[in-house]
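*Asks:* Submitted below is the structure of interest, expressed as structure tokens.
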Amino acid sequence: QKEVEQDPGPLSVPEGAIVSLNCTYSNSAFQYFMWYRQYSRKGPELLMYTYSSGNKEDGRFTAQVDKSSKYISLFIRDSQPSDSATYLCAVSGNEKLTFGTGTRLTIIP
Amino acid sequence: DAGITQSPRHKVTETGTPVTLRCHQTENHRYMYWYRQDPGHGLRLIHYSYGVKDTDKGEVSDGYSVSRSKTEDFLLTLESATSSQTSVYFCAISEGGEGDTQYFGPGTRLTVL
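Chains as they are written, first to last, in our numbering: chain A, 19 to 127; chain B, 141 to 253.
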């Protein structure tokens, strides 16, 4: 079993829709959770950072962590074509990050 | 890209040849990492460094070696490149510590024929 599982998609939604991206993880010791966004042929960039359970909101983006079910989510409201990218979840443990495989998202104008 | 450069950005080489990729940072961060990214596998850690001359293996270290003689430079060497090492390689840096975020370079696209 992989430490972090993520549906690779691809996922296509119309502009303005709410997008939900999800990951599951296996090790209950993880405390730090991140979402990275990666545009085509670019390096990943940190989008959201969450410690332990709960929600964190930043503009149109909300990161949610449910440690009881080992489930992490990223919600994008009022999606825009500029949100088209691959989104990678990551969990932090032992000073290393473990990444999901990434979900490729396309927002259709 | 948080003061991180990678060179070369693209390279095509032949099986059996040695290849060295360079990562250079201007942030004075203690930790540096090398990842490879492949379809269906996501980002996988090859090696990392937690200080000058201090390195350790990651998840997919076979066939790779690293060196760090200065804080700002982290080199990844493929001693004898194989076609299975065709990939996109990313360098990342962080200040270190549990939960610390990593910042990524622009990547090097390597093709081994």
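Glycine residues also receive a C-beta, built at the ideal position from the N, C-alpha and C atoms.
Model, not experiment: these values are computed from the prediction.
Decide if Val22 of chain A is buried, meaning its Cβ has at least 16 other Cβ atoms within 10 Å, or exposed.
*Replies:* For the purposes of this step, residue 22 of chain A is identified with residue 4 of the first sequence, where counting begins at 1. Buried, because 16 or more other Cβ atoms sit within 10 Å of the Cβ of Val22 of chain A.
*Asks:* Check the Cβ of Tyr50 of chain A against every Cβ in chain B and list those closer than 8 Å, keeping chain order.
*Replies:* Residue 50 of chain A sits at position 32 when you count from the first residue of the first sequence. The contacting residues are Glu238, Gly239.
*Asks:* For Gln165 of chain B, go through chain A and note every residue whose CB falls closer than 7 Å to its CB, in chain order.
*Replies:* In the second sequence, counting from the first residue as 1, residue 165 of chain B sits at position 25. Simply none; closest approach about 13 Å.
*Asks:* How should Thr157 of chain B be labelled, buried or exposed, when 16 other C-beta atoms within 10 angstroms of its C-beta is the threshold for buried?
*Replies:* The sequence position of residue 157 of chain B within the second sequence is 17, counting from 1. Flag for Thr157 of chain B reads exposed.
*Asks:* Examine chain A for any beta-carbon lying closer than 8 Å to the beta-carbon of Pro148 of chain B, and answer yes or no.
*Replies:* Reading the second sequence from its first residue, position 8 is the one you call residue 148 of chain B. No, Pro148 of chain B does not count as interfacial toward chain A.
*Asks:* Show which residues of chain A have a CB atom less than 7 Å away from the CB atom of Gly247 of chain B.
*Replies:* One-based indexing of the second sequence puts residue 247 of chain B at position 107. Gly61, listed in chain order.
*Asks:* Between the stretch 77-95 of chain A and the stretch 162-172 of chain B, can you find at least three pairs of beta-carbon atoms closer than 8 Å?
*Replies:* no
*Asks:* So Leu218 of chain B is in the beta strand (DSSP E); what residue range does that whole segment cover?
*Replies:* Here residue 218 of chain B refers to the residue found at position 78 when the second sequence is read from its first residue. From DSSP, the beta strand (DSSP E) with Leu218 of chain B extends over 213-218.
*Asks:* What does Gly182 of chain B touch in chain A if you count any residue whose Cβ is under 7 Å from its own?
*Replies:* Taking the second sequence and counting its residues from 1, the one referred to as residue 182 of chain B is at position 42. What Gly182 of chain B touches in chain A, judged by beta-carbon distance under 7 Å, is Leu106, Phe117, Gly118, Thr119, Gly120, going in chain order.
*Asks:* When you compare each of B:Val152, B:Lys210, B:Thr222, B:Glu154 to Arg170 of chain B by their alpha carbons, which one comes out closest?
*Replies:* By one-based count along the second sequence, residue 170 of chain B stands at place 30. That would be B:Lys210, whose Cα lies nearest to the Cα of Arg170 of chain B.
*Asks:* Using a 10 Å radius around the Cβ and a threshold of 16 neighbouring Cβ atoms, would you call His187 of chain B buried or exposed?
*Replies:* Counted from its first residue, the second sequence places residue 187 of chain B at position 47. Result: buried.
*Asks:* Just to confirm my understanding: we take Asp76 of chain A, look at its own chain, exclude 5 residues before and 5 after, and list those with CB closer than 7 Å. What are they?
*Replies:* By one-based count along the first sequence, residue 76 of chain A stands at place 58. These residues qualify, in order along the chain: Met66.
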